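Notes for the one structure printed next.
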Amino acid sequence: MIRVKKILEVNSYEVSCLFNNGLVKKINLLPIIEKQNHLNGIEKLKDEAYFKTVKIGIFGEIFWENTIKSDNEFWNYDLSPEFIFHNGEVV
Numbered sequence: 842m843i844r845v846k847k848i849l850e851v852n853s854y855e856v857s858c859l860f861n862n863g864l865v866k867k868i869n870l871l872p873i874i875e876k877q878n879h880l881n882g883i884e885k886l887k888d889e890a891y892f893k894t895v896k897i898g899i900f901g902e903i904f905w906e907n908t909i910k911s912d913n914e915f916w917n918y919d920l921s922p923e924f925i926f927h928n929g930e931v932v
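My numbering numbers the first residue of the sequence shown as 842 and each following residue consecutively.
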């Protein structure tokens, strides 16, 4: 099972990750953020300081805590390690 082991760098909508198989991949998230503009709160990720608050979850995913608002609840916004692995570019 592929997992993000470490976040190496976070710049201008890009996150570079070290995976548990030793590969390093970088993914540009701006196109994803723009496609999901229907999610209430996604615009927070366009703020560079907020974008840099990215963390690794227990399943090896990356996430931003309490980003998406649904009714009166806040949800984490996350990306699976598989998505990052298959859509990121090798660094």
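Each residue gets a CB set at the ideal place from its N, CA and C atoms; glycine is no exception. Model, not experiment: these values are computed from the prediction.
If you compare alpha carbons, which of N917, K867, K846 is closest to G929?
K867
*Is it buried or exposed for L871, if we count other Cβ within 10 angstroms and need 16 for buried?*
Exposed, by the Cβ-count rule.
Hey, I899 and I848 are a contact pair by Cβ (cut 8 Å); roughly how many whole angstroms apart?
About 15 Å separates the two Cβ atoms, so there is no contact after all.
- Taking 7 Å as the cut-off, decide whether the C-beta atoms of F924 and I843 are in contact. Cβ atoms of F924 and I843: not closer than 7 Å.
Decide if the stretch 855-865 is in contact with the stretch 873-888; the criterion is three or more beta carbon pairs, one per stretch, under 8 Å apart. no
- If we call anything under 7 Å between Cβ atoms a contact, is V845 one with G882? no
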